[in-house]
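Undergrad: I have a structure I would like to understand better, so I am pasting it below and will then ask my questions one at a time.
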Amino acid sequence: MNALNRLKNITMNPKAELKEAVASGKKVIGIMPYFCPEELVYAAGMLPFGLWGAEMQANESKQYYPAFICSILHTTLEMGLKGELDDLSAVMIPISCDSLKGMGANWEAGVKNVPVINVAFAENRKIAAGIEFTRSQFRKIQKQIEEIAGRTVSDDEIRKAITIYNENRCAILAFSKAAATHPAEVTAADRCAAIKAGYFMDRAAHTELLNEVTAELENLPASDEGYLKIVTTGIIADAPRLLDIIDKNKMVIVDDQIAHESVNARYVIPEAEDPVLAMAERLAEIEGCSVLYDPGKKRGTQLVEMAKNAGADGILFILTKFCDPEEYDYVPVKRMTDSASIPMLQIEIDQQMTDYGQPESAIMAFAESLR
Ligand code: SF4
């Protein structure tokens with residue numbers, strides 16, 4: 218389990234990874250959620266560095282955003298304002314939700330040392346015009362990346378980066394599957410930390426470590442007897458105290474539809490002559506995330522199937538506080554899980570939360586009702 222410990226250490230101290238990369242002469246680009254074309258950054262020989270907020274109190278960011286904006290944006294902006302991300306050569310900010318639409322301007326106003334790369338993709342991402350729009354935006358971003366890298370990036374380099382990212386996606390899913398039957402060896406917090414480490418390190422190295430852990434787990438007998446099987450859904454479940462509550466109640470995460478975890482991993486980029494077109498086509502395929510236009514609410518259908526396939530006892534809807542897309546999704550998704558007779562509990566979390574009493578009681582009661 219040395220590999221698991223290594224991944225956990227990286228997750229515990231991402232800033233050390235950032236410093237190390239910069240000290241080695243590598244340029245690093247911050248990548249905000251969601252679905253930024255980070256393969257282009259990797260192809261240019263730079264390190265994509267995930268920015269999904271942090272467990273901390275935000276103060277200065279309140280000069281730019283009202284308090285009722287999600288903590289992912291508040292805490293990421295706070296780190297930027299405090300100069301903690303000054304080592305980045307740029308930050309990619311998409312416009313995937315109403316709150317993110319203001320992030321680029323807020324960042325530019327408050328964070329002077331790190332330029333913004335705005336990321337737009339088509340809302341109607343599945344139609345031919347939408348795919349073409351996304352492809353053209355990604356090519357535009359490629360030019361900005363080339364300027365920062367000080368060199369051009371070839372399609373062959375992009376293809377190589379895509380292969381590395383696709384392998385990483387497969388490794389994440391394989392690890393998640395192995396962890397599902399080994400809660401004694403991999404706690405819910407370990408599972409999250411192992412996946413999260415990929416946001417701060419070279420993806421090929423992340424794949425190697427994850428594969429090592431998965432192989433170890435596959436050699437061990439299952440340790441999930443007596444555990445309740447749950448599927449998680451939401452934007453982010455990266456709250457160690459919440460994950461401890463899941464463990465304490467003898468629950469194991471058997472699959473997830475969490476944007477920060479497996480949603481991105483579930484869809485690989487197809488092989489194609491134009492690798493950037495392939496990236497846009499992949500975006501058209503993704504389901505299961507509230508920030509992507511989803512008129513038939515396929516997220517609910519996917520979640521029900523996922524829970525059935527995994528033999529889950531229930532679903533945990535982990536709602537990020539003040540997240541409109543998640544709040545809008547909750548009602549239709551709940552109707553769909555109810556129709557399928559799959560119990561679902563909604564809990565609300567926030568990276569600035571210090572008291573987990575409420576989710577703890579709700580999860581304890583949910584676990585009792587499932588046993
Ligand atoms: S989708 Fe929700 S959690 Fe994500 S940035 Fe927007 S408001 Fe915040």
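Note that our numbering gives residue 555 to position 338 of the sequence shown, counting from 1, and the numbers run on in steps of one. From the three backbone atoms N, C-alpha and C, an ideal C-beta is built for every residue, glycine too.
Would you report the Cα separation of ALA432 and GLU425, rounded to the nearest angstrom?
TA: The residue you call residue 432 lines up with position 215 of the sequence shown. The residue you call residue 425 lines up with position 208 of the sequence shown. Taking the straight line from one Cα to the other gives about 11 Å.
Undergrad: Between the stretch 372-391 and the stretch 412-429, do three or more beta carbon pairs fall short of 8 Å?
TA: The stretch 372-391, when compared against the stretch 412-429, does touch it at the 8 Å Cβ threshold.
Undergrad: Using 9 Å as the threshold, is the C-beta distance between MET296 and VAL258 below it?
TA: Indexing the sequence shown from 1 puts residue 296 at position 79. Indexing the sequence shown from 1 puts residue 258 at position 41. In this structure, VAL258 does not lie closer than 9 Å to MET296 by Cβ.
Undergrad: Go through the stretch 329-386 residue by residue and report every complete run of the alpha helix (DSSP H) that reaches 4 residues or more, in order.
TA: Listed in chain order, they are 345-366.
Undergrad: Do TYR251 and CYS540 come within 9 Å of each other at the CB atom, strictly closer than that value?
TA: The count along the sequence shown starts at 1 and reaches residue 540 at position 323. The count along the sequence shown starts at 1 and reaches residue 251 at position 34. Not in contact: CYS540 and TYR251 (Cβ atoms no closer than 9 Å).
Undergrad: Does at least one heavy atom of the ligand SF4 sit under 8 Å from the Cβ of THR369?
TA: Within the sequence shown, numbered from 1, the residue matching residue 369 stands at position 152. Outside the cutoff, so no.
Undergrad: Compute every distance between the C-beta of SER278 and the non-hydrogen atoms of the ligand SF4, then say whether any falls below 8 Å.
TA: Residue mapping note: residue 278 aligns to position 61 of the sequence shown, counting from 1. Not under cutoff, so the answer is no.
Undergrad: Need the endpoints of the beta strand (DSSP E) that LEU445 sits in, please.
TA: Residue 445 sits at position 228 when you count from the first residue of the sequence shown. Segment 445-451, the beta strand (DSSP E) holding LEU445.
Undergrad: At the level of alpha carbons, what is the spacing between SER316 and ALA456?
TA: For this step, residue 316 is matched to residue 99 along the sequence shown. For this step, residue 456 is matched to residue 239 along the sequence shown. Whole-angstrom Cα-Cα distance: 21 Å.
Undergrad: If we ignore side chains and look at the alpha-carbon of each, how far apart do ALA275 and MET249 end up?
TA: Here residue 275 refers to the residue found at position 58 when the sequence shown is read from its first residue. Here residue 249 refers to the residue found at position 32 when the sequence shown is read from its first residue. Computed Cα separation, rounded: 17 Å.
Undergrad: With burial defined as no fewer than 16 other Cβ atoms inside 10 Å of the residue's Cβ, what is the status of MET229: buried or exposed?
TA: Residue numbering aside, residue 229 sits at position 12 when the sequence shown is read from its first letter. MET229 should be labelled exposed.
Undergrad: For ALA307, which residues does DSSP report across the bridge?
TA: Locating residue 307 in the sequence shown gives position 90, where the first residue counts as 1. For ALA307, which the question treats as bridged, DSSP gives the partners ILE246.
Undergrad: Given this structure, state the Cα-to-Cα distance separating PRO487 from TYR510, to the nearest angstrom.
TA: What you label residue 487 is simply residue 270 of the sequence shown in a count that begins at 1. What you label residue 510 is simply residue 293 of the sequence shown in a count that begins at 1. Cα to Cα, PRO487 sits roughly 21 Å from TYR510.
Undergrad: Any idea what DSSP makes of VAL485, helix, strand or coil?
TA: For the purposes of this step, residue 485 is taken as the residue at position 268 of the sequence shown. Three-state DSSP puts VAL485 in coil, outside helix and strand.
Undergrad: For THR424, name the three-state secondary structure that DSSP assigns.
TA: Here residue 424 refers to the residue found at position 207 when the sequence shown is read from its first residue. In this structure, THR424 counts as helix in the three-state DSSP scheme.
Undergrad: Could you have a look at GLY531 and say whether DSSP puts it in helix, strand or coil?
TA: Indexing the sequence shown from 1 puts residue 531 at position 314. It is a strand residue.
Undergrad: Tell me the rounded alpha-carbon separation between MET320 and ASN335.
TA: The residue labelled residue 320 in the question sits at position 103 within the sequence shown. The residue labelled residue 335 in the question sits at position 118 within the sequence shown. So the alpha carbons of these two residues sit roughly 10 Å apart.
Undergrad: Rounded C-beta distance between MET561 and GLY531? I'm assuming under 8 Å.
TA: Here the question's residue 561 lines up with position 344 in the sequence shown. Here the question's residue 531 lines up with position 314 in the sequence shown. Yes, they are in contact, since the Cβ atoms of MET561 and GLY531 sit about 7 Å apart, within 8 Å.
Undergrad: Please decide whether LEU268 counts as near chain B, where near means a Cβ-Cβ distance under 9 Å.
TA: Protein chains in the displayed structure number just one, and chain B is not present.
Undergrad: For the ligand SF4, I want to know if ASP546 counts as a neighbour, meaning its beta carbon is within less than 8 Å of at least one of the ligand's heavy atoms.
TA: Counting from 1 along the sequence shown, the entry for residue 546 is found at position 329. Not under cutoff, so the answer is no.
Undergrad: PRO542: which of GLU522, ASP472, ALA497 and PRO512 sits nearest, CA to CA?
TA: Looking up residue 542 in the sequence shown gives position 325. The option with the nearest alpha carbon to PRO542 is PRO512.
Undergrad: With distances taken between CB atoms, is the gap from GLY267 to GLY247 smaller than 9 Å?
TA: On the sequence shown, position 50 is the one that residue 267 refers to. On the sequence shown, position 30 is the one that residue 247 refers to. Yes. Within cutoff.
Undergrad: Could you tell me whether any non-hydrogen atom of the ligand SF4 is closer than 8 Å to the CB of PHE539?
TA: Within the sequence shown, the letter at position 322 stands for residue 539. Yes, Cβ of PHE539 sits closer than 8 Å to a heavy atom of the ligand SF4.
Undergrad: Below 6 Å CB to CB, which residues in the same chain sit around ALA378 once its five sequence neighbours on both sides are set aside?
TA: Reading the sequence shown from its first residue, position 161 is the one you call residue 378. Hits under 6 Å: GLU256, TYR259 and ALA260.
Undergrad: Per DSSP, which residues does GLY327 bridge with? Please list them.
TA: Here residue 327 corresponds to residue number 110 of the sequence shown, with the count starting at 1. According to DSSP, which records beta bridges pairwise, GLY327 is partnered with nothing at all.
Undergrad: Using the rule of at least 16 other Cβ atoms within 10 Å of the residue's Cβ for burial, across every protein chain shown, is LYS515 buried or exposed?
TA: Residue numbering aside, residue 515 sits at position 298 when the sequence shown is read from its first letter. LYS515 is exposed by the Cβ-count criterion.
Undergrad: Counting Cβ pairs, one atom from each stretch, are 3 or more of them under 8 Å apart for the stretch 397-412 and the stretch 460-475?
TA: Yes: the two stretches touch, three or more of their Cβ pairs being nearer than 8 Å.
Undergrad: Would you kindly report the start and end of the unbroken alpha helix (DSSP H) that includes PHE583?
TA: Here residue 583 refers to the residue found at position 366 of the sequence shown. Element bounds for PHE583: 574-587.
Undergrad: Taking 7 Å as the limit between beta carbons, can you name the residues of its chain near ALA401, skipping five residues before and five after?
TA: For the purposes of this step, residue 401 is taken as the residue at position 184 of the sequence shown. These residues qualify, in order along the chain: SER440.
Undergrad: Contact check, LEU224 vs ALA410 under 8 Å by CB: the rounded distance?
TA: For this step, residue 224 is matched to residue 7 along the sequence shown. For this step, residue 410 is matched to residue 193 along the sequence shown. At roughly 6 Å, the Cβ-Cβ gap stays under 8 Å, so LEU224 and ALA410 are in contact.
Undergrad: Once DSSP output is grouped into helix, strand and coil, what is the label at ASP472?
TA: Translated into the one-based positions of the sequence shown, residue 472 becomes position 255. ASP472 falls in the strand class under three-state DSSP.
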